[in-house]
Structures are given as structure tokens and as C-alpha cells.
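Undergrad:
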Amino acid sequence: MRVPMLDLSRQFAGIREEVLAAVADVLDSQALILGPAVERFEAAAAQVCGVASAAGCASGTDALWLALAAARIGPGDAVVTTPFSFFATVSSILRAGATPVLADIDPHTYNLSADAVEAAILEARRHDPSLRVRAVMPVHLYGQCADMDALGSLCRRHDLLLIEDAAQAFGAAWCGRPVGSLGDAAAFSFYPTKNLSAAGDAGLVTAADPELLERVRMLRAHGMRRRYAHEEVGWNSRLDSVQAAILAIKLRFLPEWNRRRQTVADLYDRLLEETGLAAPAGSTSSVDGLVRPFTDTRATHVFHQYVLRVPRRDDLREYLALHGIASEVYYPIPLHQQQALAPLKLGSNPLPESERAAAEVLALPLFPELREDEQRCVVAAIADFYNGPSTPVPLLAERHA
Ligand SMILES: *Cc1c(COP(=O)(O)O)cnc(C)c1O
73 MRVPMLDLSR QFAGIREEVL AAVADVLDSQ ALILGPAVER FEAAAAQVCG VASAAGCASG
133 TDALWLALAA ARIGPGDAVV TTPFSFFATV SSILRAGATP VLADIDPHTY NLSADAVEAA
193 ILEARRHDPS LRVRAVMPVH LYGQCADMDA LGSLCRRHDL LLIEDAAQAF GAAWCGRPVG
253 SLGDAAAFSF YPTKNLSAAG DAGLVTAADP ELLERVRMLR AHGMRRRYAH EEVGWNSRLD
313 SVQAAILAIK LRFLPEWNRR RQTVADLYDR LLEETGLAAP AGSTSSVDGL VRPFTDTRAT
373 HVFHQYVLRV PRRDDLREYL ALHGIASEVY YPIPLHQQQA LAPLKLGSNP LPESERAAAE
433 VLALPLFPEL REDEQRCVVA AIADFYNGPS TPVPLLAERH A
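Position one of the sequence shown corresponds to residue 73 (the numbering used here), numbered consecutively onward.
Dropping the structure here:
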């Protein structure tokens, strides 16, 4: 059996007619950029995120940049973030003209550590007193919130903005409060692989302050509020109406899809535990140091990814590939070690946990439509890698018969 990382065609099969009809409506209207379809999606997304309003844009990367630029973060300002993320987390800070400062992650959640942020702020101020630290940008990696209690109180103490990179976490929550409402602003991506995805590139910004969101709307349209009157040098980052119409449909299914992701994650947990392969984070009773994902009790984790820590990661990945099972590494090179960023010397703070995670994480196939027999096949192959080939684990239905 072959098990893919992600099969979007299964999701599309279930909503095909509705999506095609919505696309036809937009084309019939010929209102192609922004317009009513975008306004409807923005209002629905804002409601899910627990904020008064939201602004669509062209991508998650742009959403990050727009949030920073709208908050007037620019040259001379520093933003503290994690090196264990997708490149856009740092490139958006650079695009805004600001200086990224990197702080290490928590080894269990892989999210930005508030203690490391605190140390990085003090060190940045000591190293360059002219640099103004303005914001902290946690990434809710793999669909689980960073510790927003600790980061929120740190930001209040240091008078910093808290900007969520929520690209992987639409529908997630912290202490019951939805992502998008946890800081001063949040950026979402609807890239096709994300939990909520468009038929191409798309993004969204949410903000607590309506004035900040108004600035996002101005900046996404060339710095215009009034036609051809440019207040600032903005950018073209508008949301297409076709994308918004598709996103509005998928948004209705998202709670169900995210629940399915949690069910898939639960079954992986159980199978890995039953086979004696993996222990929860913090435990040492696993085979060869294999650790399954850790969920903070305060987090509603939406499992954008199901990520193991595997000391012999590259060997296991190769073995799985040989047996038709896809897996992925998010992300193999921490951002301070990226060639494009080398001149910036971003690795001045110690970042050992980010480096260790980059060498050890392995994401297993996970999407709402993944079947139980496929999951059993994945776990059986992992077991074979460690124990040698064995008989396959019976299906749940068979065992309960
Ligand atoms: C996907 C992603 C982005 C960028 O979003 P795009 O829509 O691809 O521009 C930014 N940050 C994180 C953590 C992401 O996963």
C-alpha cells in the first residue's frame, strides 16, 4: 500500500459541486477581486477567530508583512521570533525593514519559549541599545498554540506587540480562546496544504484594534483608502473573489475536518503506544528515543501535522519511503542556518533545541480523509523498521468483532 502525506483530491470529491457552483457565481458576477465574496468570507472568518473583523490578502507571507507594516514596525525595530519555522516567518520581518531576533524553542511543543524570548530581548538591548524591540511573533507550529499565557504576560511587561504567525493553526485555541484573537494581530495562510486552504495562494489578517486592520486594508491596496490617493507605499496584496468564495465553503467544514485530524492523531498515539514504539514527550520508555507529539493541556491542537521526534530520523524516513509511505521534515534547516540569511548572523543566541528539532522531527501522513488501514500501515512500517518485519496489526473492526 502507498500512503500519501496529503491527498487533496479526497477532500475535493466531497465538496466538488458546491465549489464549482460558487466559482461559477463569482465568474457570472465578474466581481473578481475583493468585492462581496471577499467581504462575506472576511466576516465569517472573523467570527470563527473571535474578532470584530478580518482582512483578506494574497498569501500568508503577505499577511505577516501586512500585520507588521500596519503596526508601523520597520527600520530600527526588532521582532523576536523562532528559527524553527517556515522561511516566511523571518523573511516577512525583513521585508518590513525590521530586524529579526531569534530565540530558542520549547523541546516538547517545538514552539517559541517565553524564557528564551526574555533572554533574547535582554541580550538584543545589551548588544545594540539603539535597536527598539517592538514585537514578539510566535508561530503556532503544527497546529498547536505557543504558550500564549507566558508570551502575553512577557509582552505586557516589556510593552511589546504580540503578533501570531497562525499559518498552521486556523481553528486552534488556547484556554478556549480562538487563534486570531490571542494577540494584537494574527496572520493566516490558506496555501493548499494548510488546514483551511484555497485553490491557490491566499491569506488573512486579524487584529484586535480596528484601526490596525484599517491600515492593513489600506496597505494591501497600494496604500490607498480613496481611489488613486496614496497615503503610504503599500503593496498589491488583495484577495481574489474566487478564492474567498471557495474558502467560505470550506470554512463551514473546518470544525469537522479539524476534529477528524484530532481523531487521526489520537489513533496514531494509540497505535504507537500499543506497539510500544513511542512514549509521550518527557518520558524515556520508548524504543530508540522515539517521542510522539506533546499537547499542552491548555491548547486545542488542530494537528496541521503529526510530528514525531526520531533520533534516527533520516534512516526511518528512507525506510518508510522504500515501503511506499510518505513522510516529511518540517523543517530540516533552522532559519539562522539558511544561506539567504547567513550575512545577518542571526545565530548569536544559543539555539540548540531548534537545531536538535531540525535534525530529529518527522511528520507522518495526516489529513482528515486519511483511512484507518493507511494509518495502521504507517505504524506497522515504523515497527518493522525497529523490530524487523512482523505480522500486520489487525484492523480495529476485526479486533472488536
Ligand atoms: C505556510 C506558512 C507561511 C506562509 O504562508 P504562504 O501562504 O505560503 O505565504 C508562514 N508561516 C508559516 C509558519 C507557514 O506554515
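Glycine included, every Cβ here is placed at the ideal spot set by N, Cα and C.
Any heavy atom of ligand 1 closer than 7 Å to the CB of D273?
TA: Locating residue 273 in the sequence shown gives position 201, where the first residue counts as 1. Yes, the Cβ of D273 comes within 7 Å of a heavy atom of ligand 1.
Undergrad: Just how far apart, CA to CA, sit A127 and P365?
TA: Start at 1 with the first residue of the sequence shown, and residue 127 comes out as number 55. Start at 1 with the first residue of the sequence shown, and residue 365 comes out as number 293. Their backbone Cα atoms lie some 33 Å apart in a straight line.
Undergrad: When you compare only the Cα positions, how much space is there between A473 and E346?
TA: Against the sequence shown, residue 473 aligns to sequence position 401. Against the sequence shown, residue 346 aligns to sequence position 274. Residue placement at A473 cannot be trusted, given a pLDDT of 45 that sits under 50; what the coordinates show is reported in the next sentence. Cα to Cα, the separation comes out at about 19 Å.
Undergrad: Taking 7 Å as the cut-off, is the beta-carbon of S48 closer than that to any non-hydrogen atom of ligand 1?
TA: Nothing can be reported for residue 48: it is not among the residues displayed for the chain, which extend from 73 to 473.
Undergrad: Using only the alpha-carbon positions, how far apart do S202 and L174 sit?
TA: Within the sequence shown, residue 202 is the residue found at index 130, counting from 1. Within the sequence shown, residue 174 is the residue found at index 102, counting from 1. Going from the Cα of S202 to the Cα of L174 covers about 18 Å.
Undergrad: How about L232 and V251: do their beta carbons lie closer than 8 Å?
TA: On the sequence shown, residue 232 is found 160 positions in, with the first residue counted as 1. On the sequence shown, residue 251 is found 179 positions in, with the first residue counted as 1. Not in contact: L232 and V251 (Cβ atoms no closer than 8 Å).
Undergrad: By the 10 Å Cβ neighbour count, where 16 or more other Cβ atoms means buried, how is T367 classified, buried or exposed?
TA: Reading the sequence shown from its first residue, position 295 is the one you call residue 367. So T367 counts as buried.
Undergrad: So that I know if they touch, is there some Cβ in chain C lying closer than 8 Å to that of A351?
TA: Within the model displayed, chain C is absent; a lone protein chain is all it includes.
Undergrad: Which residues bound the beta strand (DSSP E) around T153?
TA: Locating residue 153 in the sequence shown gives position 81, where the first residue counts as 1. Segment D149 to T153, the beta strand (DSSP E) holding T153.
Undergrad: Within the continuous beta strand (DSSP E) that includes L104, where are the two ends?
TA: Numbered from its first residue, the sequence shown carries residue 104 at position 32. Taken as a continuous stretch (DSSP letters only), L104 belongs to no beta strand (DSSP E), as it is neither H nor E.
Undergrad: Do you know how far the Cα of S81 is from the Cα of L413?
TA: In the sequence shown, counting from the first residue as 1, residue 413 sits at position 341. In the sequence shown, counting from the first residue as 1, residue 81 sits at position 9. Answer to the nearest angstrom: the Cα atoms are 36 Å apart.
Undergrad: Assign G295 to one of three DSSP states: helix, strand, or coil.
TA: One-based indexing of the sequence shown puts residue 295 at position 223. Correct three-state label for G295: coil.
Undergrad: How would you write the range of the alpha helix (DSSP H) that F325 sits in, first residue to last?
TA: On the sequence shown, position 253 is the one that residue 325 refers to. It spans S313 to E346 - the alpha helix (DSSP H) in which F325 sits, taken as one unbroken run.
Undergrad: Just to confirm, are I321 and L388 a CB contact at a threshold of 8 Å?
TA: By one-based count along the sequence shown, residue 321 stands at place 249. By one-based count along the sequence shown, residue 388 stands at place 316. Contact: no.
Undergrad: Report yes if the C-beta of Q377 is less than 7 Å from at least one heavy atom of ligand 1; otherwise report no.
TA: The residue labelled residue 377 in the question sits at position 305 within the sequence shown. No - ligand 1 has no heavy atom lying nearer than 7 Å to the Cβ of Q377.
Undergrad: Mapping the DSSP letters down to three states, classify L434 as helix, strand or coil.
TA: Stepping through the sequence shown from its first residue, residue 434 is reached at position 362. Looking at L434 - three-state DSSP - the assignment turns out to be strand.
Undergrad: Whose C-alpha, out of A241, V211, R206 and G215, is nearest the C-alpha of R229?
TA: Taking the sequence shown and counting its residues from 1, the one referred to as residue 229 is at position 157. Considering only alpha carbons, the answer is R206.
Undergrad: Distance check for T372 and Q119, CA to CA, integer angstroms please.
TA: Translated into positions along the sequence shown, residue 119 becomes position 47. Translated into positions along the sequence shown, residue 372 becomes position 300. Each residue's alpha carbon lies about 18 Å from the other.
Undergrad: Going by DSSP in three states, C217 sits in which element: helix, strand or coil?
TA: As a first step, residue 217 is located in the sequence shown; it is residue number 145 there, counting from the start. For C217, the secondary structure class from DSSP, reduced to helix, strand or coil, is coil.
Undergrad: So what does DSSP say about A473, is it helix, strand or coil?
TA: Looking up residue 473 in the sequence shown gives position 401. Note that A473 scores a pLDDT of 45, beneath 50, so its modelled location is shaky; the value from the coordinates is reported in the next line. Reduced to three states, the DSSP call for A473 is coil.
Undergrad: What are the start and end residues of the alpha helix (DSSP H) that includes G132?
TA: On the sequence shown, residue 132 is found 60 positions in, with the first residue counted as 1. Start and end: G132 to A142.
Undergrad: From which residue to which residue does the alpha helix (DSSP H) around D445 run?
TA: As a first step, residue 445 must be located in the sequence shown, where it is residue number 373. From DSSP, the alpha helix (DSSP H) with D445 extends over E444 to N459.
Undergrad: Report the option in P415, A117 and A218 whose CA atom is closest to the CA atom of R370.
TA: Within the sequence shown, the letter at position 298 stands for residue 370. For R370, the nearest C-alpha among the options comes from A218.
Undergrad: If you count every other CB in all the chains shown that lies within 10 Å of the CB of C247, and 16 or more means buried, which is it?
TA: Taking the sequence shown and counting its residues from 1, the one referred to as residue 247 is at position 175. Result: exposed.
Undergrad: On a CA-only basis, which of W307, Y378, V314 and R299 is nearest D338? Give me that one, please.
TA: Locating residue 338 in the sequence shown gives position 266, counting from the first residue. Among W307, Y378, V314 and R299, the Cα nearest to that of D338 is on Y378.
Undergrad: What do you reckon, are the CB atoms on V123 and A244 nearer than 8 Å?
TA: Mapped onto the sequence shown, residue 123 falls at position 51. Mapped onto the sequence shown, residue 244 falls at position 172. For V123 and A244, no; Cβs fall outside 8 Å.
Undergrad: Can you name, in chain order, every residue of its own chain whose Cβ lies under 6 Å from the Cβ of T154, other than the five neighbours on each side?
TA: For the purposes of this step, residue 154 is taken as the residue at position 82 of the sequence shown. Contacts found: I177, L184 and V211.
Undergrad: Should G252 be listed as close to ligand 1, given that the test is whether its C-beta is under 7 Å from any heavy atom?
TA: Residue numbering aside, residue 252 sits at position 180 when the sequence shown is read from its first letter. Because no heavy atom of ligand 1 lies under 7 Å away, the Cβ of G252 does not count as near it: no.
Undergrad: Beta carbon of C83: closer than 7 Å to some heavy atom of ligand 1?
TA: On the sequence shown, position 11 is the one that residue 83 refers to. According to the sequence provided, residue 83 is Gln. The question's Cys does not apply to it. No; taking the cut-off as 7 Å, the Cβ of Q83 has no heavy atom of ligand 1 nearer than that.
Undergrad: When you compare each of R144, A239 and A293 to A258 by their alpha carbons, which one comes out closest?
TA: Translated into positions along the sequence shown, residue 258 becomes position 186. It is A239 whose Cα lies nearest to the Cα of A258.
Undergrad: Please state the DSSP three-state secondary structure of E304.
TA: Residue mapping note: residue 304 aligns to position 232 of the sequence shown, counting from 1. The answer is coil: DSSP assigns E304 none of H, G, I, E or B.
Undergrad: From V95 to A196, what does the alpha carbon distance come to, in whole angstroms?
TA: Sequence index remark: in the sequence shown, residue 95 carries index 23 (1-based). Sequence index remark: in the sequence shown, residue 196 carries index 124 (1-based). If you take the alpha carbons of V95 and A196, they lie about 49 Å apart.
Undergrad: Measure the Cβ-Cβ separation of Q315 and G255 and say whether it is below 8 Å.
TA: As a first step, residue 315 is located in the sequence shown; it is residue number 243 there, counting from the start. As a first step, residue 255 is located in the sequence shown; it is residue number 183 there, counting from the start. No, the pair does not count as a contact, with Cβ atoms beyond the cut-off.
Undergrad: Exposed or buried, which one is Y263 when buried takes at least 16 other CB atoms within 10 Å?
TA: Taking the first residue of the sequence shown as 1, we reach residue 263 at position 191. So Y263 ends up on the buried side.
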